[in-house]
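Q:
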Amino acid sequence: MFGVAISSSSPAVAARCSFAQAGVGAVASQNVTDPRLGPLALSLMAGGLSAAEAVAGVVAQGTHLDYRQVLAIDGRGQTAIHSGAKSLGIWADAKGRDVLSAGNLLADAGVPQAMVQAFEVAGGHLGDRLIAALRAGLTAGGEAGPVHSAGIKIVDQVSWPVADLRCDWTDACPIAAVAAAWAIYKPQLDAYVQRALDPRAAPSYGVPGDV
């Protein structure tokens, strides 16, 4: 599995910044966001390039890269980060085993490292580890201002995301909202995949109108 977890003071951050492809890897394109960079990085990795080579290709082919942060992890777990010199506010990045993190407009430069450490020690499903990382980042200070949107995206062995959960705007805590959605969705994730592949073998959840 590959996944992306993200939060921001901006609306709908996960819709604009999170990209992942089964068997290929995951990419975040953030800061002053160019959503074209995520699919570009994935296509380069799908063509056989490593994460570092794909990020280098994005830097070479994209525009205004001084303003961009691009994070990539490839199918071998190799990671690469580009943080442009004009990334906003306090910005930092960190890497660990099969994980990387970066942020801008941070309250504390240690936020990405706190997220990496939380991901590495958390157990369970990839989604649980992504939620743990988001929560750790918030505890470490998060963004300098309040965050309003968040999301997680997970891909596995099928061509679509097996989980794509978002809170696009709230004045409460979007990370808590996404965590609550994940707690509901996680037990049903495999069934939703089965319904797509062969609905005859998929379980019913006994919703009103189901017979």
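Heads up, the sequence shown is in our numbering, so the first residue is 25 and it goes up one at a time. Note that CB positions come from ideal geometry on N, CA and C, so glycine has one too. From a predicted model like this one, the values you see are computed outputs, not experimental measurements.
Whether or not the segment 151-167 and the segment 29-38 are in contact is what I'm after, with contact meaning three or more pairs of Cβ atoms, one per stretch, closer than 8 Å; do they touch?
A: Verdict: yes, contact present.
Q: From VAL236 to ARG219, what does the alpha carbon distance come to, in whole angstroms?
A: Limits of the chain in this structure are 25 at one end and 235 at the other, which puts residue 236 out of reach.
Q: Answer yes or no: do VAL186 and LEU213 have a C-beta to C-beta separation smaller than 8 Å?
A: In this structure, LEU213 lies closer than 8 Å to VAL186 by Cβ.
Q: Between which two residues does the beta strand (DSSP E) harbouring ALA104 extend?
A: Counting along the chain, the beta strand (DSSP E) containing ALA104 begins and ends at 103-107.
Q: What residue range does the beta strand (DSSP E) around SER173 cover?
A: Taken as a continuous stretch (DSSP letters only), the beta strand (DSSP E) holding SER173 covers 173-179.
Q: For the alpha helix (DSSP H) that SER67 lies in, which residues bound it at each end?
A: Its alpha helix (DSSP H) spans residues 61-70.
Q: Using only CA atoms, which one of ASP90, ALA76 and ILE114 lies nearest to GLY99?
A: Looking at the Cα atoms, ALA76 is the closest of the given residues.
Q: Put LYS119 into one of helix, strand or coil per three-state DSSP.
A: Residue state, collapsed to three classes: strand.
Q: Helix, strand or coil, according to DSSP, for LEU162 in the structure here?
A: In the structure shown, LEU162 sits in a helix (DSSP, three-state: H, G or I).
Q: Let me know if PRO170 comes out buried or exposed under the rule of 16 or more other beta-carbons within 10 Å of its beta-carbon.
A: The residue in question, PRO170, is exposed, as its Cβ has fewer than 16 Cβ neighbours within 10 Å.
Q: Taking only runs of the alpha helix (DSSP H) that begin and end inside the segment 181-218, which ones reach a length of at least 4 residues, in chain order?
A: Correct list: 198-209.
Q: Taking 8 Å as the threshold (C-beta atoms), are GLN45 and GLN93 in contact?
A: No, the Cβ-Cβ distance between GLN93 and GLN45 is not below 8 Å.
Q: In the DSSP assignment, what residue or residues form a beta bridge with LEU124?
A: DSSP output for LEU124 lists LYS119 as bridge partner(s).
Q: Hey, ALA174 and LEU150 are a contact pair by Cβ (cut 8 Å); roughly how many whole angstroms apart?
A: At roughly 16 Å, the Cβ-Cβ gap does not stay under 8 Å, so ALA174 and LEU150 are not in contact.
Q: Compare the Cα-Cα distances from LEU162 to each of PRO198, GLU144, GLY148 and LYS177 and report the closest residue.
A: When only C-alpha atoms are compared, the closest one is PRO198.
Q: Taking the alpha helix (DSSP H) that VAL135 belongs to, which residues open and close that run?
A: 135-145 is the span of the alpha helix (DSSP H), which, as asked, contains VAL135.
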